[in-house]
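**Student:** In my numbering, the protein residues as written are 5 to 225.
Glycine included, C-beta positions come from ideal geometry on N, C-alpha and C.
Questions regarding the structure given below will be posed in turn.
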């Protein structure tokens, strides 16, 4: 006769069951709690402000992350108290703010950029982050020139492989995206999405003007 194995408390399915039991006991309405696979396997809860992910960590602790967009966490923290983790998920699900989340659950931290998202104007905070980053020290003159352009500094910036991307709406390619690529001999290429526009120019100042014209050619939705 085969003996059923004990549930694995670290498995996503068992974690979902434990969270559902805690939510029921606490009178929380989390909606559907789903399993999550991948490097951060665990349980997840969808909200209108992103996804709350609870993942088992070492030494019987749990990592809680609130993912506004893929790759960007509004808040994260670690605790060995699963009841507290579920409470944090519930507070966010019910519309609590980042400050309320930290006040109630001090293990949950958040950044200036996350606060800027909540306040509704994240682009200036993202510019400050990039301009002060030692990681992007080599690109700082490029970033400073783009930020100094009055029509471009209001867009959401990001930089990767030395190319600067500007978006009307963070993480939303369809809202309008312009990319400026440094080339050899001081030349630049400007591309725009949606669409197939691209143009090579002889200087950064011209590239910035072309980028501004790209945004001006497509009205805000």
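Give the list of continuous alpha helix (DSSP H) stretches no shorter than 4 residues that lie fully inside the stretch 41–83.
**Tutor:** none
**Student:** Is it right to say residue 97 is buried, meaning 16 or more other beta carbons lie within 10 angstroms of its own, or is it exposed?
**Tutor:** buried
**Student:** Look at the alpha carbon of residue 143 and the alpha carbon of residue 109, and state the distance between them as a whole number of angstroms.
**Tutor:** Distance between the alpha carbons of residue 143 and residue 109: 38 Å.
**Student:** Go ahead and pull the three-state DSSP assignment for residue 112.
**Tutor:** The answer is coil: DSSP assigns residue 112 none of H, G, I, E or B.
**Student:** Got a sec, what are the start and stop residues for the alpha helix (DSSP H) residue 133 sits in?
**Tutor:** 127–136
**Student:** Within 10 angstroms of the Cβ of residue 159, are there 16 or more other Cβ atoms? Answer buried if so, exposed if not.
**Tutor:** Looking at its Cβ environment, which holds 16 or more other Cβ atoms inside 10 Å, residue 159 is buried.
**Student:** What residues are listed by DSSP as bridge partners for residue 163?
**Tutor:** 168
**Student:** Which whole-angstrom value describes the C-beta separation of residue 79 and residue 118, a residue pair presumed to lie in contact below a C-beta threshold of 8 Å?
**Tutor:** 6 Å
**Student:** Distance check for residue 36 and residue 65, CA to CA, integer angstroms please.
**Tutor:** Our two residues, residue 65 and residue 36, have alpha carbons roughly 23 Å apart in a direct line.
**Student:** Using the C-alpha atoms, what's the distance from residue 188 back to residue 102?
**Tutor:** 45 Å
**Student:** In the DSSP assignment, what are the bridge partners of residue 181?
**Tutor:** 171 and 197
**Student:** Give the single residue among 166, 124, 123 and 150 whose Cα lies nearest to the Cα of residue 139.
**Tutor:** 166
**Student:** If you reduce the DSSP assignment to three classes, tell me which class residue 38 lands in.
**Tutor:** DSSP, reduced to helix, strand and coil, places residue 38 within a strand of the structure shown.
**Student:** Counting only the same chain and skipping the five closest in sequence on each side, list residues whose C-beta sits under 7 Å from that of residue 86.
**Tutor:** 22, 26 and 66
**Student:** Relative to the alpha-carbon of residue 222, which residue among 192, 205 and 197 has its alpha-carbon at the smallest distance?
**Tutor:** 197
**Student:** Taking Cβ positions, are residue 70 and residue 46 nearer each other than 8 Å?
**Tutor:** no
**Student:** When we look at the beta-carbon of residue 190 and count the other beta-carbons within 10 Å, is it buried (16 or more) or exposed?
**Tutor:** exposed
**Student:** Grab me the residues of residue 34's own chain with a C-beta within less than 7 Å of its C-beta, minus the 5 sequence neighbours each way, in chain order.
**Tutor:** 27, 49, 93, 94 and 97
**Student:** Tell whether a beta-carbon distance below 8 Å holds between residue 210 and residue 202.
**Tutor:** Against a cut-off of 8 Å, the Cβ pair of residue 202 and residue 210 comes out as no contact.
**Student:** If you drop the 5 nearest sequence neighbours on each side, which residues of the same chain put their C-beta closer than 6 Å to that of residue 24?
**Tutor:** 37
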